[in-house]
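Student:
In our numbering, the protein residues as written are 1 to 674.
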């Protein structure tokens with residue numbers, strides 16, 4: 001194998017289950033490989049080890065089955081261990097169990113000729129986000145003693161984030177903002193507020209985890225089946241039923257409640273059949289039990305054996321597990337002054353994160369819509385998949401960032417600028433045509449035809465045209481606003497789509513979801529819901545700000561021109577001045593020809609022209625010419641004035657797009673510091 005392209009093993013060593021994935025540092029179309037441990041254990045296996053006298057230990061589901069099927073005589077030579085991860089810093093037994101578990105996995109995969117781990121491998125272990133140096137040192141020592149060599153340790157919240165980066169659920173630039181990772185696993189509950197792919201703040205509870213709910217379900221079983229405990233202890237099945245089979249019922253219940261909290265769950269599994277059954281488990285009763293939880297005596301004894309001497313679990317008091325989770329979350333948010341507005345995305349990971357109450361509490365605490373939550377297709381294995389793709393992401397992002405930097409000027413010149421020009425020209429042409437046709441053909445033409453029949457001073461014609469134009473101005477302004485709404489909604493969407501496509505063509509995702517024009521219109525009007533507001537990217541917001549300025553500029557320019565605000569007309573500014581000037585010119589030329597220059601010394605505008613003379617001057621063809629010239633003159637002037645008015649906003653828009661692309665490209669390199 002190319003020395004530069006090494007195999008990678010990602011390991012999420014968990015309390016209840018552990019997950020293992022393989023990949024390459026420089027993949028070329030290969031897929032992530034889940035390790036097949038046999039017996040239906042693809043990618044993950046239970047963090048369980050069965051020690052057997054005079055025999056090699058076995059792990060995972062195989063260990064559980066062996067213990068469950070063993071006779072009482074065989075069990076005298078067996079020791080079953082699970083839930084050792086949370087206790088590796090305070091218990092030598094837990095540390096030894098963890099070492100034996102990982103070593104047995106390595107040895108058994110080698111015996112099956114599976115390319116699991118070798119000196120060539122890059123081995124990455126996940127590390128709880130709030131764990132200290134003592135946990136880090138213990139995990140390093142365990143991995144080394146188990147034969148995995150000098151491993152890399154990456155915080156599990158980062159692994160969860162990497163998983164969603166790899167699957168393009170989240171973008172590199174979003175990682176610069178605030179991402180809250182909630183990792184609720186079998187033994188611990190970890191929270192991590194992340195910015196720029198770094199853990200800015202981490203907190204949690206090393207005792208709050210899924211195993212408390214295993215214990216809750218065990219007690220629920222005992223309450224429904226009085227007398228079962230004595231039998232379980234007598235037959236040596238208490239540990240197995242308590243921590244393994246009740247966990248399976250718990251997971252079945254959780255999955256069912258996620259779909260429908262009105263369902264009832266029943267269960268009889270394995271050894272449970274010999275001692276009773278779970279009957280009609282409901283969400284309501286679960287909530288009551290979770291709010292009034294007290295650890296079972298056997299669990300308390302287990303914790304004491306693992307050198308836990310203080311804490312809520314040993315207080316002897318009734319505990320509210322839901323409030324404990326909520327309190328743990330809010331405590332960190334308050335301590336680190338993390339506001340809801342600071343949190344761009346929330347990632348839920350870990351097997352226990354699938355509990356419906358987790359989503360409820362997180363959304364309530366942060367005041368967010370459930371749509372802002374990210375979960376993987378398999379939350380249990382997401383961290384291991386995120387860990388294993390880290391080297392590949394670093395390699396990919398480095399290449400992509402270099403390519404995007406090189407291609408940015410060409411992309412901007414060939415795709416962004418033409419799109420801006422095309423859309424702007426189309427809307428402005430529509431506005432100009434609409435304004436000139438409606439004003440000249442709809443309002444002014446009838447006035448000129450009426451003047452042709454009645455005659456009179458040109459000054460009266462001028463004032464009538466001016467008054468009509470001013471009265472019609474609000475209607476014109478409304479039409480302009482309607483047309484420019486298309487620009488305000490359509491242009492940000494179109495430009496955002498082009499950039500997303502360009503990034504996608506290069507194998508990475510771009511910040512923000514695609515938002516349609518109607519959603520942008522609602523946002524502009526202040527009527528957008530939270531979900532819509534949150535999914536609009538920074539660049540779209542920035543472009544919308546600029547297009548709003550452009551709308552104001554175009555409206556002011558058009559209205560100022562047609563009402564005489566530009567002072568650039570022939571006799572007086574605006575259409576009234578242009579049209580009357582054209583009529584006056586025609587009249588002057590006719591009178592000069594008929595009477596000579598000495599007869600027309602009076603101001604032409606003040607002459608009371610008889611209708612007969614006006615008809616001679618303003619034949620139908622002449623009126624048509626005057627109106628056409630007026631439309632053309634107004635269109636030409638509007639184009640010039642609008643172009644001048646839009647010069648600065650357009651420059652600002654282009655600068656914002658360039659800055660945004662540059663920031664997005666630079667964000668790809670943040671991953672290299674991990």
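Glycine is no exception: its CB is placed at the ideal position from the N, C-alpha and C atoms.
1. Are the Cβ atoms of residue 328 and residue 367 separated by less than 8 Å?
2. Quick test of the definition: if touching needs 3 or more C-beta pairs under 8 Å, does the region 160 to 176 touch the region 347 to 354?
3. Is residue 201 near residue 243, with beta carbons less than 8 Å apart?
4. By Cβ distance, which residues of its chain are closer than 7 Å to residue 594, with the 5 residues on each side in sequence left out?
5. Would you check if the distance between the CB atom of residue 175 and the CB atom of residue 196 is smaller than 8 Å?
6. First and last residue of the alpha helix (DSSP H) that includes residue 262?
7. Could you tell me the distance, in whole angstroms, from the CA atom of residue 85 to the CA atom of residue 220?
8. For residue 494, which residues from the same chain have a beta carbon less than 8 Å from its beta carbon, with the 5 sequence-adjacent residues on both sides left out?
9. For residue 307 and residue 47, which I take to be in contact (beta-carbon distance under 8 Å), what is that distance rounded to the nearest angstrom?
10. Of the residues 425, 499, 169 and 302, which one's Cα is nearest the Cα of residue 413?
11. Determine the closest residue to residue 262 out of 284, 635 and 232, with distance taken between C-alpha atoms.
12. Could you say which of 315, 312, 217 and 354 lies nearest to residue 289 if we only look at CA atoms?
13. Give the DSSP-derived three-state secondary structure of residue 82 in the structure shown.
14. Measure the Cβ-Cβ separation of residue 365 and residue 326 and say whether it is below 8 Å.
15. DSSP on residue 451, reduced to helix/strand/coil?
16. I need the straight-line Cα distance from residue 369 to residue 645, nearest angstrom please.
17. Roughly how many angstroms lie between the CA atoms of residue 57 and residue 662, to the nearest whole one?
18. Pairs of beta-carbons, one from the region 308 to 324 and one from the region 119 to 133, closer than 8 Å: are there three or more?
19. Considering only residues of the same chain and omitting the five flanking positions on each side of residue 553, which have a CB-CB separation below 7 Å?
20. How should residue 255 be labelled, buried or exposed, when 16 other C-beta atoms within 10 angstroms of its C-beta is the threshold for buried?
21. According to the Cβ coordinates, are residue 52 and residue 77 closer than 8 Å?
22. So, are the CB atoms of residue 34 and residue 7 less than 8 Å apart?
23. Identify whether residue 91 lies in helix, strand or coil by the three-state DSSP scheme.
24. Inspect the CB distances between the region 466 to 483 and the region 437 to 446 and report whether three or more fall short of 8 Å.
25. Can you tell me which residues form a DSSP beta bridge with residue 349?
26. For residue 15, which of 69, 54, 5 and 94 has the nearest alpha-carbon?
27. Which of helix, strand or coil does DSSP assign to residue 460?
28. CB-CB under 6 Å to residue 121, same chain, minus the five flanking residues each way: which ones, in chain order?
29. So what's residue 631 in DSSP terms, helix, strand or just coil?
30. Looking at the secondary structure, which residues open and close the alpha helix (DSSP H) in which residue 134 lies?
31. Express the C-alpha separation of residue 225 and residue 39 in angstroms, rounding to a whole number.
32. Answer yes or no: does any C-beta atom of chain B fall closer than 8 Å to that of residue 490?
33. Which residue wins for smallest C-alpha separation from residue 28, given the options 393, 542, 278 and 168?
34. For the putative contact between residue 170 and residue 97, defined by C-beta atoms under 8 Å, what is the C-beta separation to the nearest angstrom?
35. Hey, out of 180, 635 and 631, whose CA is closest to residue 374's CA?
36. With a Cβ-Cβ cutoff of 8 Å, do residue 99 and residue 398 count as a contact?
Tutor: Taking the geometry as given:
1. Within the chain shown, the letter at position 328 stands for residue 328. Within the chain shown, the letter at position 367 stands for residue 367. Cβ distance not < 8 Å, so residue 328 and residue 367 don't count as in contact.
2. Contact between the region 160 to 176 and the region 347 to 354 is present: three or more C-beta pairs spanning the two stretches fall below 8 Å.
3. Residue mapping note: residue 201 aligns to position 201 of the chain shown, counting from 1. Residue mapping note: residue 243 aligns to position 243 of the chain shown, counting from 1. Cβ atoms of residue 201 and residue 243: not closer than 8 Å.
4. Position 594 of the chain shown, counted from the first residue, corresponds to residue 594. Any reading at residue 594 needs caution, since the residue's pLDDT is 48, under 50, leaving its predicted position unreliable; the model's value is listed next. The beta carbon of residue 594 sits closer than 7 Å to none of the beta carbons in its chain outside the five residues before and after it.
5. As a working note, residue 175 is residue 175 in the chain shown. As a working note, residue 196 is residue 196 in the chain shown. Against a cut-off of 8 Å, the Cβ pair of residue 196 and residue 175 comes out as a contact.
6. Counted from its first residue, the chain shown places residue 262 at position 262. No alpha helix (DSSP H) holds residue 262; DSSP gives it neither H nor E.
7. Position 85 of the chain shown, counting from 1, holds the residue named residue 85. Position 220 of the chain shown, counting from 1, holds the residue named residue 220. Rounded to whole angstroms, the gap between the alpha carbons of residue 85 and residue 220 is 25 Å.
8. Indexing the chain shown from 1 puts residue 494 at position 494. For residue 494, where only same-chain residues beyond five positions count, the Cβ hits under 8 Å are 419 and 423.
9. Looking up residue 307 in the chain shown gives position 307. Looking up residue 47 in the chain shown gives position 47. Actually they do not touch by this definition, with Cβ atoms about 19 Å apart.
10. What you label residue 413 is simply residue 413 of the chain shown in a count that begins at 1. Looking at the Cα atoms, 499 is the closest of the given residues.
11. Taking the first residue of the chain shown as 1, we reach residue 262 at position 262. When only C-alpha atoms are compared, the closest one is 284.
12. Translated into positions along the chain shown, residue 289 becomes position 289. Of the candidates 315, 312, 217 and 354, the one whose C-alpha sits nearest the C-alpha of residue 289 is 217.
13. As a first step, residue 82 is located in the chain shown; it is residue number 82 there, counting from the start. Three-state result, residue 82: strand.
14. Working through the chain shown from its first residue, we reach residue 365 at position 365. Working through the chain shown from its first residue, we reach residue 326 at position 326. Less than 8 Å divides the Cβ of residue 365 from the Cβ of residue 326.
15. Mapped onto the chain shown, residue 451 falls at position 451. Here residue 451 sits in helix by DSSP.
16. Here the question's residue 369 lines up with position 369 in the chain shown. Here the question's residue 645 lines up with position 645 in the chain shown. C-alpha of residue 369 to C-alpha of residue 645: approximately 41 Å in a straight line.
17. Looking up residue 57 in the chain shown gives position 57. Looking up residue 662 in the chain shown gives position 662. C-alpha separation (whole angstroms): 55 Å.
18. Touching, no, given that fewer than three Cβ pairs across the two stretches are closer than 8 Å.
19. Here residue 553 corresponds to residue number 553 of the chain shown, with the count starting at 1. Within the same chain, residue 553 has close Cβ partners 645, 646 and 649.
20. The residue labelled residue 255 in the question sits at position 255 within the chain shown. Here residue 255 is exposed. Its C-beta has fewer than 16 other C-beta atoms within 10 Å.
21. Here residue 52 is taken as the residue at index 52 of the chain shown, counted from 1. Here residue 77 is taken as the residue at index 77 of the chain shown, counted from 1. Cβ atoms of residue 52 and residue 77: closer than 8 Å.
22. Walking along the chain shown from the start, residue 34 turns up at place 34. Walking along the chain shown from the start, residue 7 turns up at place 7. Not a contact, by the Cβ cut-off of 8 Å.
23. Position 91 of the chain shown, counting from 1, holds the residue named residue 91. The answer is coil: DSSP assigns residue 91 none of H, G, I, E or B.
24. At 8 Å Cβ cutoff, the stretches touch.
25. For the purposes of this step, residue 349 is taken as the residue at position 349 of the chain shown. Looking at the DSSP assignment, residue 349 forms a beta bridge with 183.
26. Residue 15 sits at position 15 when you count from the first residue of the chain shown. The residue from 69, 54, 5 and 94 with its alpha-carbon nearest to that of residue 15 is 94.
27. Stepping through the chain shown from its first residue, residue 460 is reached at position 460. Residue 460: helix per DSSP, three-state reduction.
28. For the purposes of this step, residue 121 is taken as the residue at position 121 of the chain shown. In its chain, beyond the 5 residues on either side, 7 and 9 have a beta carbon closer than 6 Å to the beta carbon of residue 121.
29. Here residue 631 refers to the residue found at position 631 when the chain shown is read from its first residue. DSSP places residue 631 in helix when its eight states are reduced to three.
30. Stepping through the chain shown from its first residue, residue 134 is reached at position 134. Judged by DSSP secondary structure, residue 134 falls within the alpha helix (DSSP H) whose first and last residues are 133 to 145.
31. Stepping through the chain shown from its first residue, residue 39 is reached at position 39. Stepping through the chain shown from its first residue, residue 225 is reached at position 225. Between the C-alpha atoms of residue 39 and residue 225 there is a straight-line separation of about 31 Å.
32. Checking the listed chains, one finds no chain B in this structure; it contains a single protein chain.
33. Mapped onto the chain shown, residue 28 falls at position 28. Nearest in C-alpha terms to residue 28, of all of 393, 542, 278 and 168, is 393.
34. What you label residue 170 is simply residue 170 of the chain shown in a count that begins at 1. What you label residue 97 is simply residue 97 of the chain shown in a count that begins at 1. At roughly 36 Å, the Cβ-Cβ gap does not stay under 8 Å, so residue 170 and residue 97 are not in contact.
35. As a first step, residue 374 is located in the chain shown; it is residue number 374 there, counting from the start. Comparing Cα positions, the closest option is 180.
36. To locate residue 99, count along the chain shown from 1; it is residue 99. To locate residue 398, count along the chain shown from 1; it is residue 398. If you check the CB distance, residue 99 and residue 398 do not come in under 8 Å.
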